[in-house]
Amino acid sequence: PIAPILTPPLPLSPGAIVRALLFPFHSAWRTFALLACVLFLQGCSAVKLAYNQAPQLVYWRLNNYFNLTDAQADRLRSELGDLHQWHRDQMLPQHAALLQQVQQRLADDITADQACRVYADVRLQIDQLIAQVEPRLVVLASQLTESQIRNFEKQQADSNADWRREWLDVPADKLAAHRFKLLLSRAEGFYGALQEPQKAALRSFIAQSTFDPQRSYAERLRRQKDLAQVLRQIASDPASTERNRSLLRGYMERFNTSPDPAYQRYARKLVEEGCAGFALVHRAMTPAQRMKAVQSVKGYEQDFWVLAGR
Numbered sequence: 003p004i005a006p007i008l009t010p011p012l013p014l015s016p017g018a019i020v021r022a023l024l025f026p027f028h029s030a031w032r033t034f035a036l037l038a039c040v041l042f043l044q045g046c047s048a049v050k051l052a053y054n055q056a057p058q059l060v061y062w063r064l065n066n067y068f069n070l071t072d073a074q075a076d077r078l079r080s081e082l083g084d085l086h087q088w089h090r091d092q093m094l095p096q097h098a099a100l101l102q103q104v105q106q107r108l109a110d111d112i113t114a115d116q117a118c119r120v121y122a123d124v125r126l127q128i129d130q131l132i133a134q135v136e137p138r139l140v141v142l143a144s145q146l147t148e149s150q151i152r153n154f155e156k157q158q159a160d161s162n163a164d165w166r167r168e169w170l171d172v173p174a175d176k177l178a179a180h181r182f183k184l185l186l187s188r189a190e191g192f193y194g195a196l197q198e199p200q201k202a203a204l205r206s207f208i209a210q211s212t213f214d215p216q217r218s219y220a221e222r223l224r225r226q227k228d229l230a231q232v233l234r235q236i237a238s239d240p241a242s243t244e245r246n247r248s249l250l251r252g253y254m255e256r257f258n259t260s261p262d263p264a265y266q267r268y269a270r271k272l273v274e275e276g277c278a279g280f281a282l283v284h285r286a287m288t289p290a291q292r293m294k295a296v297q298s299v300k301g302y303e304q305d306f307w308v309l310a311g312r
């Protein structure tokens, strides 16, 4: 709920929220977790609407990637319904409790370490959801055909072309302007209208950022290739459940921690910059803007309790 405001648009970046659902198997857990943890930038009524529609949104995304058969679709809808109910019962109260902690910090200055601790807490909650989703994803992966995997690759190629147009095939000055526009929109959704001192802090963050679209794009391609290979390995022996769980778990680990040491350092640096950038921008906010943030988070916390039925 803090660092995402300034997180660069990496593949599956928390700051990108729903738009970050670029990898189908991460969609299944991150839709629930991110909608609940950080979607408050969209407004309270949107949180309730999006959360209640999460199973349908995930189904639509996965079906778009894989063109599911009727049998696959029926099973997926059932699994997503069960997962959604589990998340409502088990995770929403944890998300609400985390937002209570965030409210206590927003009225004052926030350090980069404090921002990163909140980010880490969000990741821990997502890890709980990953553990719950993993066996369901193995079942779905074991049912995929070569034609469906090729359809996934085609969809990813189309998405990659869009990503390149937005982040790679633009001059540096236009890229900086694009990032500023996105970050300004996210920040104003949280704090209200920003004035020049706060905008200057945003520009300072962007100017100092080490975000490299080319490096991020290369990692995006690596992850996509990795997933396609894993899906084909699972499809080659769908009955080997333990083997396939190990294959999928290995992909998840490589997704979260790239096998490329240079990219690992780059990713850590971006998280650190996001936390420091949030602290910088938050310090520039007026008392009224900080109070707006506190009130917003309080509203989202209450929404989560309502959604949890408590």
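FYI, the numbering for the sequence shown is 3 to 312, going by this note's numbering. Every residue, glycine too, gets a C-beta built ideally from N, C-alpha and C.
| Check | Outcome |
| --- | --- |
| Beta carbon of residue 330, beta carbon of residue 272: below 8 Å? | Because the chain here runs from 3 to 312, residue 330 falls outside it and cannot be looked at. |
| Taking only the alpha-carbon atoms, compute the straight-line gap between residue 50 and residue 312 and give it to the nearest angstrom. | 14 Å |
| By the DSSP assignment, the alpha helix (DSSP H) with residue 213 in it spans what residues? | Unbroken run through residue 213: none, as it is neither H nor E. |
| Would you call residue 295 buried or exposed, if buried means 16 or more other Cβ atoms sit within 10 Å of its Cβ? | buried |
| Cβ of residue 281 within 8 Å of Cβ of residue 117? | yes |
| Determine contact between the stretch 168-181 and the stretch 255-265, defined as no fewer than three beta-carbon pairs at a distance below 8 Å. | no |
| Give every residue of the same chain whose Cβ lies closer than 8 Å to the Cβ of residue 54, excluding the five residues on either side of it in the sequence, and list them in chain order. | 309 |
| Can you give the Cα-Cα distance for residue 135 and residue 141, rounded to whole angstroms? | 10 Å |
| List the endpoints of the continuous alpha helix (DSSP H) containing residue 276. | 263-285 |
| Please specify which runs of the alpha helix (DSSP H), each continuous and at least 4 residues long, are wholly inside the stretch 68-124, giving them in chain order. | 72-92, 94-108 |
| Could you tell me whether the stretch 92-110 touches the stretch 285-295, using the rule of 3 or more Cβ pairs below 8 Å? | yes |
| Do you know whose CA, among 288, 304, 82, 265, lies nearest residue 111's CA? | 288 |
| Just the C-alpha distance for residue 300 and residue 199, rounded to the nearest angstrom, thanks. | 26 Å |
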